[in-house]
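Protein chains in written order, with this note's numbering: chain A, 1 to 178; chain B, 1 to 206.
Ideal placement from N, C-alpha and C gives every residue a C-beta, glycine not left out.
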Amino acid sequence: MPETHATAYDSKIEGNVIFTRFDAALNWVRKNSLWPMPMGLACCAIELMATAASRFDISRFGAEVMRFSPRQCDVMIVAGTVTYKMALAVKRIYEQMPEPKWVIAMGACASTGGMYRSYAVLQGIDQLLPVDVYISGCPPRPEALLAGLMKLQEKISRQPAFKDQQPQLAEKLEEVLT
Amino acid sequence: MTPAGGAPALQSHNQMTSQEVIESLGKSFEGKLQHKTEFRGEITYAIGESDLRDIAKFCRDKLSFDYLLDITSIDNFGEEPRFEIVYHLYSMPHAAHLRLKLKLSEDVGALDTVSDIWPTANWHEREIYDMMGIKFNGHPDLRRILMWDGYPFFPLRKDFPLAGLPSDMPDVAFTKVTPLEGGPFVTVPSTAGSKDREPRARPREL
């Protein structure tokens, strides 16, 4: 049996090692596998479906896993008119999503209430949820949703993920290292 | 067997013109039909609220108005009686329309249901209850249909503001007053172009 020399082992993995910040690695993993919670409430949901289908193919961005289960989701895409009757249900579904989580307000209605200046319609989902990306349009084209998703990916890649997730551990590490 | 048996009955319906059919309603309920308007061959009768069920049953069984297209309610705010309900009937065999109109004062505020005569009236009556606050006696399931149970207002009444009113039911729903700066966002009837007619923000300065 040939003996494994330390030098030989090192040469094998040489070139396969990358040095990076832990945040960058974590964010890279997160942003390329955003599982959406499809909150389809009106016509925007049709464009959301088109975005997921073959022509526009949201899976190119790792966001094709649309299941109606909030507990496995990372990003809620609020696609459509949020009525007051639905508003608290949307919030409840958002609360069931595990951290970290993001929200895309897709289209004019989800962003501002849109053309529905009405007693029945919530004037923007940002009154209930922290929205990360707003997409204009009525409804937005699939390209616009993809652009919004890429904007969200950019935003995620800038986040201090480790510090957000484990503030105490990050503090302790800083103490040790300084 | 069924087509052969069914065909003569259908023909006997067709022998009566829709005009004759509706006139037979006039004969049977003389004195109860308050007045008749005719517009483009479609006839509207004004009736009293107490006669609604008798007339509705007669229209369905004897005149074969088998299809209730719609029930609409009108709020003539400031007039007495305040509300007006319109039943839009259609007869499949005669291909004829008939409308029944009745007026209802706010103090009465309730009307007999026709949901056992035309089952489709069930949801129409629920919507009228939800939006106008008119109750229907004998309705099997008179709950709100669009807004939630416990919502305190009737939004299609004329005294309900366009921007809505605030309400709050913890864990169920809430409403806020809608900002209407630059509004109201309603169509402006005129012969001008669509840019001037359509509902859009019109700031005062312009």
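| Check | Outcome |
| --- | --- |
| Complete runs of the beta strand (DSSP E) confined to the stretch 52-129 of chain B [at least 3 residues] | 67-75, 83-91, 96-104 and 110-112 |
| Counted within 10 angstroms of its Cβ, other Cβ atoms place A4 of chain B as buried (16 or more) or exposed | Any reading at A4 of chain B needs caution, since the residue's pLDDT is 43, under 50, leaving its predicted position unreliable; the model's value is listed next. It counts as exposed. |
| Close Cβ partners of M131 of chain B (< 7 Å) along its chain, the five nearest in sequence each way excluded | F154, P155 and L156 |
| Three-way DSSP call (helix, strand, coil) for Y116 of chain A in this model | coil |
| Nearest candidate by alpha-carbon position, reference P140 of chain A, set A:D132, A:T51 and A:E171 | A:T51 |
| Helix, strand or coil at F160 of chain B [DSSP, three-state] | coil |
| Beta carbon proximity, W123 of chain B to chain A, threshold 8 Å | no |
| Distance between E175 of chain A and L88 of chain A (C-alpha atoms, nearest Å) | 43 Å |
| Exposure of R202 of chain B, with buried meaning 16 or more beta-carbon neighbours within 10 Å | exposed |
| Residue from B:E30, B:S18 and B:T37 with nearest C-alpha to S64 of chain B | B:S18 |
| Simplified DSSP assignment, three categories, for V172 of chain B | coil |
| Three-state class that DSSP yields for G41 of chain B in the structure shown | coil |
| The stretch 86-105 of chain A contacting the stretch 126-142 of chain A, beta-carbon criterion three pairs below 8 Å | yes |
| Cα-Cα separation between P166 of chain B and R53 of chain B, rounded to whole angstroms | 38 Å |
| Residues that Y209 of chain A contacts on chain B, provided the C-beta gap is smaller than 9 Å | Shown here, chain A extends from 1 to 178; a query on residue 209 of chain A therefore has no answer. |
| Neighbour flag for Y84 of chain A against chain B, beta carbons, 8 Å | yes |
| Closest Cα partner of R30 of chain A within the set A:R67, A:L149 and A:C43 | A:L149 |
| Residue nearest to A42 of chain A in terms of C-alpha spacing, selected from A:T83, A:S69, A:Q159 and A:Q165 | A:T83 |
| Every unbroken alpha helix (DSSP H) inside the stretch 10-67 of chain A [4 residues or more] | 22-31 and 44-52 |
| C-alpha gap between P8 of chain B and L98 of chain B, whole angstroms | Because P8 of chain B carries a pLDDT of 42, less than 50, the predicted location of this residue cannot be relied on, and no value is offered for it. |
| Exposure label - R126 of chain B; buried when at least 16 CB within 10 Å | buried |
| Residue ranges of each alpha helix (DSSP H) within the stretch 116-157 of chain A, 4 or longer | 142-157 |
| Among B:P152, B:Y151, B:F174 and B:T178, nearest to L162 of chain B - alpha-carbon criterion | B:T178 |
| Chain-ordered residues of the stretch 62-92 of chain A with a beta carbon less than 8 Å from chain B | Y84, K85, A87 and L88 |
| Contacts around E64 of chain A, its chain only, beta-carbon distance under 7 Å, and the 5 residues preceding and following it disregarded | A52 and I58 |
| Cβ-based burial, P199 of chain B [other Cβ within 10 Å; buried from 16] | exposed |
| Length of the line joining the Cα atoms of G6 of chain B and C59 of chain B | Note on G6 of chain B: pLDDT 39, under 50, position unreliable in the model; the coordinate value appears next. The alpha-carbon atoms of G6 of chain B and C59 of chain B are separated by roughly 21 Å. |
| Cutoff 7 Å; reference E80 of chain B; Cβ partners in own chain excluding five residues on either side | S105 |
| Residues, ordered as in the chain, of the stretch 173-194 of chain B that lie near chain A by beta-carbon distance below 9 Å | A173, F174, T175, K176, V177, T178, P179, L180, G183, P184 and F185 |
| Under 8 Å by beta carbon: chain B residues contacting Q123 of chain A | K176, T178 and P179 |
| Inter-residue spacing [alpha-carbon to alpha-carbon] between I43 of chain B and I71 of chain B | 16 Å |
| Contacting residues, own chain, Cβ-Cβ under 8 Å from A45 of chain A (five flanking each side not counted) | P38, A79 and G80 |
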